[in-house]
Amino acid sequence: MTKLLLSVHVLAAILAIGPITVAASMFPRFVKPQNEGDNPAGEERTPATAALLHRICRGYTVVGVAVPVFGLATAIRMGVLGDAWLIASILLTAIAAALLLMAILPGQERLLARPAGAAADTAAPEATRSAAATRSAAARLAMVTGIFNLLWAVVVVLMIVRPGSTTGA
Numbered sequence: 757m758t759k760l761l762l763s764v765h766v767l768a769a770i771l772a773i774g775p776i777t778v779a780a781s782m783f784p785r786f787v788k789p790q791n792e793g794d795n796p797a798g799e800e801r802t803p804a805t806a807a808l809l810h811r812i813c814r815g816y817t818v819v820g821v822a823v824p825v826f827g828l829a830t831a832i833r834m835g836v837l838g839d840a841w842l843i844a845s846i847l848l849t850a851i852a853a854a855l856l857l858m859a860i861l862p863g864q865e866r867l868l869a870r871p872a873g874a875a876a877d878t879a880a881p882e883a884t885r886s887a888a889a890t891r892s893a894a895a896r897l898a899m900v901t902g903i904f905n906l907l908w909a910v911v912v913v914l915m916i917v918r919p920g921s922t923t924g925a
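Quick note: to get this note's numbering, add 756 to the position in the sequence shown (first position is 1).
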């Protein structure tokens with residue numbers, strides 16, 4: 757039973773958290789107003805692409821609840837619930853979840869709610885200010901998303917290294 761719980765926990769982490777980290781990391785680039793010549797890969801930055809990335813983050817957040825649920829069930833089954841590495845992982849996971857729910861998803865929603873044509877006429881001073889504000893908000897969101905991704909990377913390392921583990925790893 758422990759192997760099944762651990763397998764579901766790892767699969768849920770890969771299949772739920774992975775898409776969130778990728779989509780959330782891509783979102784700021786696709787929501788920023790595009791400058792002339794700022795399209796090196798030929799990608800088209802449309803509000804629809806940014807909205808799709810936000811829906812991916814929001815949808816996989818719901819599925820991602822399975823990760824800590826199966827993680828806790830596995831820890832209880834393995835009898836490691838009081839181990840320091842697991843407690844640290846739980847705290848980091850809680851911080852990552854809080855960032856996702858209170859900063860990343862609302863930040864994406866705020867950026868999507870900005871007028872789509874805000875940067876269309878960059879000759880107007882208001883449009884220039886609006887485009888600069890959008891770029892600034894997207895940069896802040898990218899920073900928070902980077903912290904979110906770093907927290908998950910640390911959790912993964914803790915799960916693999918498990919200080920004090922008897923597995924010899």
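The C-beta atom is built at its ideal place from N, Cα and C for all residues, glycine as well. Remember, it's a predicted structure, so these values are computed and weren't measured experimentally.
- Message: I need the boundaries of the alpha helix (DSSP H) containing Ala854, first residue and last residue.
- Response: 840-855
- Leaving out five residues on either side along the sequence, give the residues of the same chain with a beta carbon under 7 Å from the beta carbon of Ala769. Val823
- Enumerate in chain order the residues of its own chain whose CB-to-CB distance from Leu907 is below 7 Å, with the five nearest sequence positions on each side excluded. Leu848, Ile851, Ala852
- If you compare alpha carbons, which of Ala869, Glu865, Ala888, Leu762 is closest to Val832? Looking at the sequence provided, one finds Ile at residue 832 rather than Val. Ranking the options by Cα distance to Ile832, first place goes to Leu762.
- Query: Near Ala844, which residues of its chain fall below 8 Å by C-beta distance, leaving aside the five closest residues on each side in sequence?
  - Reply: Leu914
- Item | Euclidean distance between Cα positions of Phe786 and Ala807 | 9 Å
- Task: List the endpoints of the continuous alpha helix (DSSP H) containing Leu861.
- Result: 861-869
- Taking C-alpha atoms, which residue in Thr758, Thr802, Ile773, Met757 lies nearest to Leu868? Thr802
- Cα-Cα separation, Asp839 to Ile776: 28 Å
- Could you give the distance in angstroms between the alpha-carbon of Arg891 and the alpha-carbon of Ile773? 26 Å
- Item | Residue closest to Val819, alpha-carbon to alpha-carbon, out of Ala889, Val764, Met899 | Val764
- Task: Compute the distance between the beta-carbons of Ile860 and Val821, then report whether it is under 8 Å.
- Result: no
- Task: Can you say whether Leu856 is buried or exposed, counting buried as having 16 or more other CB atoms within 10 angstroms of its CB?
- Result: buried
- Is the beta carbon of Leu842 sitting closer than 8 Å to the one on Gln864? no
- On the three-state DSSP scale, how would you describe Val900? helix
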